[in-house]
Amino acid sequence: MNELVVITPEPTQEYVSLVSHIANLWEDARNNAITAVNESLLMASWETGQYIVEFEQEGNAKARYGERLLVNLSKDLTRLRGRGFSRSNLTYMRKFYLAFPKCETISHKLTWSHYFELLKCDDSLEMQFYMVQAINEGWKVKELKRQINSSLFQRLALSTDKEGVLAMSKQGHVVQQPSDIIKDPYVLEFTGLPQRKRYKESELETALKANMEQFLLELGRGFAFIGRQYDIPIGSRRFKVDLVFYHAILKCYVLIDLKRAEIKHGDIGQMNMYLNYFKTEICQPDDNPPIGIVLGAKKDELLMEYAMDGISNQLFAARYQLYLPNKEELQAQLNYIIDNQ
Numbered sequence: 001m002n003e004l005v006v007i008t009p010e011p012t013q014e015y016v017s018l019v020s021h022i023a024n025l026w027e028d029a030r031n032n033a034i035t036a037v038n039e040s041l042l043m044a045s046w047e048t049g050q051y052i053v054e055f056e057q058e059g060n061a062k063a064r065y066g067e068r069l070l071v072n073l074s075k076d077l078t079r080l081r082g083r084g085f086s087r088s089n090l091t092y093m094r095k096f097y098l099a100f101p102k103c104e105t106i107s108h109k110l111t112w113s114h115y116f117e118l119l120k121c122d123d124s125l126e127m128q129f130y131m132v133q134a135i136n137e138g139w140k141v142k143e144l145k146r147q148i149n150s151s152l153f154q155r156l157a158l159s160t161d162k163e164g165v166l167a168m169s170k171q172g173h174v175v176q177q178p179s180d181i182i183k184d185p186y187v188l189e190f191t192g193l194p195q196r197k198r199y200k201e202s203e204l205e206t207a208l209k210a211n212m213e214q215f216l217l218e219l220g221r222g223f224a225f226i227g228r229q230y231d232i233p234i235g236s237r238r239f240k241v242d243l244v245f246y247h248a249i250l251k252c253y254v255l256i257d258l259k260r261a262e263i264k265h266g267d268i269g270q271m272n273m274y275l276n277y278f279k280t281e282i283c284q285p286d287d288n289p290p291i292g293i294v295l296g297a298k299k300d301e302l303l304m305e306y307a308m309d310g311i312s313n314q315l316f317a318a319r320y321q322l323y324l325p326n327k328e329e330l331q332a333q334l335n336y337i338i339d340n341q
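According to this note's numbering, the sequence shown holds residues 1 to 341 in order.
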């Protein structure tokens with residue numbers, strides 16, 4: 001018996017457009033639904049915090065219920081409405097209202113999970129910075145947590161003055177010049193390399209490439225990975241740059257050389273040679289001059305000052321560490337800058 005063969009006609013441009021329009025319609029509908037749900041959840045969390053604070057301010061209500069208020073609320077609301085009303089959640093809803101007493105200051109671009117992490121910040125400047133930065137860079141909750149844990153705000157703020165700290169808390173980290181992309185130290189805890197283990201530079205390089213998503217997050221907005229062990233032929237010799245990136249905001253190449261131990265003066269000269277080669281052989285007319293970063297476990301500030309004196313290229317020496325920094329120490333240094341200017 002002959003099988004029935006169904007011949008599907010070649011799709012016309014009109015049909016392709018039809019499929020595209022319907023697919024986009026439903027994608028927009030889903031996104032709008034998610035946005036609407038998020039806005040409702042944020043407002044419900046904010047109003048819950050408002051109700052709690054206003055109740056506490058009513059006469060002797062706080063004295064009567066004391067610390068048991070949130071415990072009792074948690075039990076009764078869970079009985080009536082199910083999950084989502086733990087004592088911890090209610091505590092953070094209360095903090096949410098106190099941190100943002102005007103609901104207009106709440107950004108619906110972030111979720112309640114984002115705000116839950118932001119409210120863990122002890123300092124209002126720090127919290128404001130992470131909120132703006134999360135919006136600007138589209139951080140997911142996991143990325144926001146990592147940046148808070150790595151003390152990004154403190155690390156960036158220590159390189160500026162009081163006015164710079166205040167501006168950064170309001171605008172986020174704005175990249176306008178090469179020095180704006182430099183951190184000291186860079187935190188590379190995601191590599192998984194033990195702090196005290198003797199490892200080769202190639203092992204660090206391999207670990208960074210294997211965790212490129214996290215490394216790009218640490219580098220900051222605008223970086224695009226070009227390649228590893230980038231070949232530089234000069235005369236009869238060949239050299240290799242450990243990592244090469246392109247920065248979309250600054251419109252320039254960024255070269256990174258990794259050093260397992262302390263940065264030496266010869267490392268600076270070598271990077272300067274790489275930058276000269278890129279300017280002449282690689283950069284296009286509309287590219288800005290390349291940036292070089294020599295990244296080592298240690299650096300001697302005075303030695304680096306002498307090594308880089310007279311160099312016209314954009315060349316920086318910075319440290320990295322394989323563990324999360326001590327936030328309390330960094331915050332103490334930042335407080336000193338703010339209080340003594």
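The C-beta atom is built at its ideal place from N, Cα and C for all residues, glycine as well. Please read these numbers as outputs of a predicted model, since none were measured by experiment.
Whole-angstrom distance between residue j and residue i, CA atom to CA atom
i	j	result
Asp-184	Tyr-230	24 Å
Gln-133	Tyr-320	22 Å
Ser-45	Asn-211	36 Å
Ile-148	Tyr-130	8 Å
Glu-205	Ile-293	14 Å
Met-93	Trp-139	22 Å
Phe-153	Leu-255	24 Å
Leu-250	Lys-209	23 Å
Met-168	Leu-156	9 Å
Lys-75	Lys-95	19 Å
Glu-47	Gly-84	15 Å
Ala-33	His-108	13 Å
Asn-72	Leu-80	12 Å
Asn-276	Gln-314	11 Å
Lys-259	Tyr-274	16 Å
Leu-193	Tyr-323	9 Å
Ile-226	Leu-25	36 Å
Leu-18	Arg-30	19 Å
Ala-224	Val-174	17 Å
His-247	Phe-55	52 Å
Leu-119	Glu-14	51 Å
His-21	Thr-35	21 Å
Glu-10	Glu-27	25 Å
Cys-121	Tyr-115	10 Å
Tyr-51	Lys-102	14 Å
Residue i - containing alpha helix (DSSP H), residue span
i	result
Tyr-130	124-137
Ile-337	327-339
Ser-17	13-56
Glu-104	Counting along the chain, Glu-104 falls outside any alpha helix (DSSP H), and DSSP gives it neither H nor E.
Gly-164	162-171
Ser-202	201-210
Glu-143	141-149
Leu-152	152-157
Three-state secondary structure (DSSP) of residue i
i	result
Phe-239	strand
Val-187	strand
Phe-96	helix
Phe-292	In the sequence under discussion, the amino acid at residue 292 is Gly, which differs from the Phe named in the question. It is a strand residue.
Tyr-277	helix
Phe-85	coil
His-114	helix
Tyr-374	Residue 374 is absent from the structure shown; the chain starts at 1 and stops at 341.
Val-174	coil
Where the beta strand (DSSP E) through residue i begins and ends
i	result
Val-254	252-262
Phe-316	314-321
Gln-229	223-234
His-299	In the sequence as presented, His is not what sits at residue 299; that position holds Lys. Careful: Lys-299 lies outside any beta strand (DSSP E) and carries neither H nor E.
Chain-order list of residues whose beta-carbon lies under 8 Å from that of residue i (same chain, five-residue window excluded)
i	result
Leu-166	Leu-125
Ile-311	Ile-268 and Asn-272
Ile-338	Lys-162 and Val-165
Integer-rounded CB distance, given that residue j should sit under 8 Å from residue i
i	j	result
Phe-316	Ile-182	5 Å
Cys-252	Pro-289	6 Å
Leu-42	Ile-135	Not really, about 14 Å apart at Cβ, beyond 8 Å.
Tyr-199	Leu-295	Between Leu-295 and Tyr-199 the Cβ distance is about 14 Å, and since that is not below 8 Å, they are no contact.
Ile-263	Lys-240	About 18 Å separates the two Cβ atoms, so there is no contact after all.
Leu-334	Leu-144	Between Leu-144 and Leu-334 the Cβ distance is about 20 Å, and since that is not below 8 Å, they are no contact.
Arg-221	Glu-117	Rounded, the Cβ-Cβ distance is 19 Å, inconsistent with contact.
Own chain residues within Cβ distance below 6 Å of residue i, not counting five before or after
i	result
Ser-113	Val-141
Ala-111	In the sequence as presented, Ala is not what sits at residue 111; that position holds Thr. Correct list, in chain order: Asn-38.
Phe-190	Asn-211 and Gln-214
Asp-257	Asp-242, Met-271 and Val-294
Pro-178	Ile-291 and Gln-314
Cutoff 7 Å; reference residue i; Cβ partners in own chain excluding five residues on either side
i	result
His-265	Leu-303 and Ala-307
Glu-201	Leu-258, Lys-259 and Arg-260
Val-53	Arg-94, Tyr-97 and Leu-98
Ser-151	Pro-325, Lys-327 and Leu-330
Arg-87	Leu-70, Val-71 and Ser-74
Chain D within 9 Å of residue i, Cβ atoms only
i	result
Gln-147	In the structure shown, chain D cannot be found, because there is only a single protein chain.
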